[in-house]
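Under the UniProt record's numbering, the residue at position 166 of the sequence shown is numbered 166, and the numbers go up by one with no gaps.
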Amino acid sequence: MASTRNIVGGETTTGNERGRVLTMRDEERAKEDDSPSAKRAKFERFPLTRWELAASLGVFFVFSTGLICIYLTMPAAEYGKLKLPRTISDLRLLKDNLATYANEYPAQFILGYCSTYIFMQTFMIPGTIFMSLLAGALFGVVRGIFLVVFNATAGASSCFFLSKLIGRPLVNWLWPEKLRFFQAEIAKRREKLLNYMLFLRVTPTLPNLFINLASPIVDIPFHIFFLATLLGLIPASYITVRAGLALGDLNSVKDLYDFKTLSVLFLIGSISIFPTLLKRKRIYE
């Protein structure tokens with residue numbers, strides 16, 4: 001049987017020779033991917049420049065140092081039993097271990113709790129919902145809501161300014177389409193921006209993490225961001241803190257936001273955005 005002949009790179013080759021040529025090309029491509037220039041190109045696709053990365057690490061170092069100093073000045077505790085909870089079971093154990101300590105050293109404990117919460121919120125570390133549940137379990141509804149709203153607002157504000165420093169390339173890299181949508185929505189609602197931001201904070205329409213990072217990029221004034229965060233987080237904080245009072249009945253974090261709870265949040269959020277919708281209707285009439 002006659003062998004099939006092909007033209008590769010301007011030369012006539014048989015099928016076997018063509019296979020060898022393709023194999024050699026694959027090996028050359030693999031070597032190019034492992035070359036220093038290829039690795040450099042991959043690194044350059046990371047959105048932050050060296051100065052932005054250095055600035056973010058510097059801010060993280062300053063916050064971490066402050067947090068460590070606070071913990072070093074606190075009364076001794078069994079640190080082996082202290083860890084960030086990742087499940088409801090972890091949270092129950094942590095609550096039992098901290099209850100006595102919080103009663104004996106209330107001021108020091110609240111300082112440590114607040115600094116940890118704000119640190120996690122600033123650097124987008126998952127787990128603040130467990131900290132909110134812990135506030136309800138240890139401090140009750142009124143003090144728990146005050147602590148959660150205060151810490152969440154302070155942490156979101158820190159995240160806002162951190163994003164103003166280095167956030168634009170990072171958000172463009174992580175959520176380009178979501179950022180364009182958010183920017184378009186903000187542009188349409190400039191006159192009633194506070195109402196719209198309240199709606200976003202009350203309802204789970206957009207993740208709070210995204211709102212914290214994207215707000216300075218789409219030019220939301222800080223005073224509007226701050227006020228919407230302070231007021232808009234109260235309903236969800238109330239739900240979480242109340243749930244913290246009955247940790248024994250809670251099986252999962254998903255149980256916090258059932259259909260009924262989400263419906264109530266959207267109803268409250270709709271009230272906040274109602275003036276904007278009413279004004280738009282009058283314009284069209």
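Where a beta carbon is used, it is the ideal one built from N, C-alpha and C, also for glycine.
For residue i versus residue j, is the C-beta spacing smaller than 8 Å?
{"i": "L94", "j": "L134", "result": "yes"}
{"i": "I234", "j": "V149", "result": "yes"}
{"i": "V253", "j": "G232", "result": "no"}
{"i": "L193", "j": "I224", "result": "yes"}
{"i": "Y50", "j": "L247", "result": "This sequence places Arg at residue 50; Tyr is not what is there. Going by C-beta atoms, R50 is not nearer than 8 Å to L247."}
{"i": "I166", "j": "S56", "result": "yes"}
{"i": "P169", "j": "L250", "result": "no"}
{"i": "K178", "j": "F210", "result": "yes"}
{"i": "F161", "j": "N212", "result": "no"}
{"i": "L245", "j": "A99", "result": "no"}
{"i": "L256", "j": "I239", "result": "yes"}
{"i": "N145", "j": "V241", "result": "For the record, residue 145 in the displayed sequence is Ile; it is not Asn. Cβ atoms of I145 and V241: closer than 8 Å."}
{"i": "S115", "j": "S237", "result": "no"}
Is residue i helix, strand or coil when you go by DSSP?
{"i": "R189", "result": "coil"}
{"i": "N251", "result": "coil"}
{"i": "D90", "result": "helix"}
{"i": "P75", "result": "coil"}
{"i": "W175", "result": "coil"}
{"i": "Y257", "result": "coil"}
{"i": "M124", "result": "coil"}
{"i": "L233", "result": "coil"}
{"i": "L213", "result": "helix"}
{"i": "D219", "result": "coil"}
{"i": "K83", "result": "coil"}
{"i": "T116", "result": "helix"}
{"i": "T49", "result": "coil"}
{"i": "A107", "result": "helix"}
{"i": "P207", "result": "coil"}
{"i": "L57", "result": "helix"}
{"i": "A246", "result": "coil"}
{"i": "F266", "result": "helix"}
Taking 8 Å as the limit between beta carbons, can you name the residues of its chain near residue i, skipping five residues before and five after?
{"i": "R143", "result": "A135"}
{"i": "I68", "result": "none"}
{"i": "Y71", "result": "G112"}
{"i": "T205", "result": "F199 and G269"}
Who are the Cβ neighbours of residue i in its own chain at under 6 Å, not counting the five residues just before and after it?
{"i": "M74", "result": "Q108 and G112"}
{"i": "G269", "result": "F199, V202 and T203"}
Where does residue i land, buried or exposed, given buried means 16+ other C-beta within 10 angstroms?
{"i": "N103", "result": "exposed"}
{"i": "T87", "result": "exposed"}
{"i": "T23", "result": "Confidence at T23 is low in this model, with a pLDDT of 45, below 50, so its placement is unreliable and the value that follows should be read with caution. The residue in question, T23, is exposed, as its Cβ has fewer than 16 Cβ neighbours within 10 Å."}
{"i": "K281", "result": "Low confidence applies here, because K281 scores a pLDDT of 46, under 50, leaving its location unreliable; read the following figure in that light. Exposed."}
{"i": "A187", "result": "exposed"}
{"i": "A228", "result": "buried"}
{"i": "A76", "result": "exposed"}
{"i": "S263", "result": "exposed"}
{"i": "P207", "result": "exposed"}
{"i": "P176", "result": "exposed"}
{"i": "E11", "result": "Residue placement at E11 is poorly supported in this model, since its pLDDT is 46, which falls under 50; the coordinates still yield a value, given next. By the neighbour-count rule (16 or more Cβ atoms within 10 Å), E11 is not buried but exposed."}
{"i": "V171", "result": "buried"}
Could you name the residues of the same chain whose beta carbon sits closer than 7 Å to that of residue i, not counting the 5 residues immediately before and after it, in chain order?
{"i": "I118", "result": "N151, A154, G155 and S158"}
{"i": "Q183", "result": "V218"}
{"i": "V59", "result": "L162"}
{"i": "L84", "result": "G127"}
{"i": "A2", "result": "Because A2 carries a pLDDT of 45, less than 50, the predicted location of this residue cannot be relied on, and the following value inherits that uncertainty. Contacts found: none."}
Any heavy atom of the ligand MG closer than 7 Å to the CB of residue i?
{"i": "G155", "result": "Inclusion of the ligand MG in the displayed structure is not the case, the ligand content being empty and no account of it being possible."}
Tell me, please, whether the CB atom of residue i is closer than 8 Å to any CB atom in chain C?
{"i": "T261", "result": "Of the protein chains in the structure, only one exists, and it is not chain C."}
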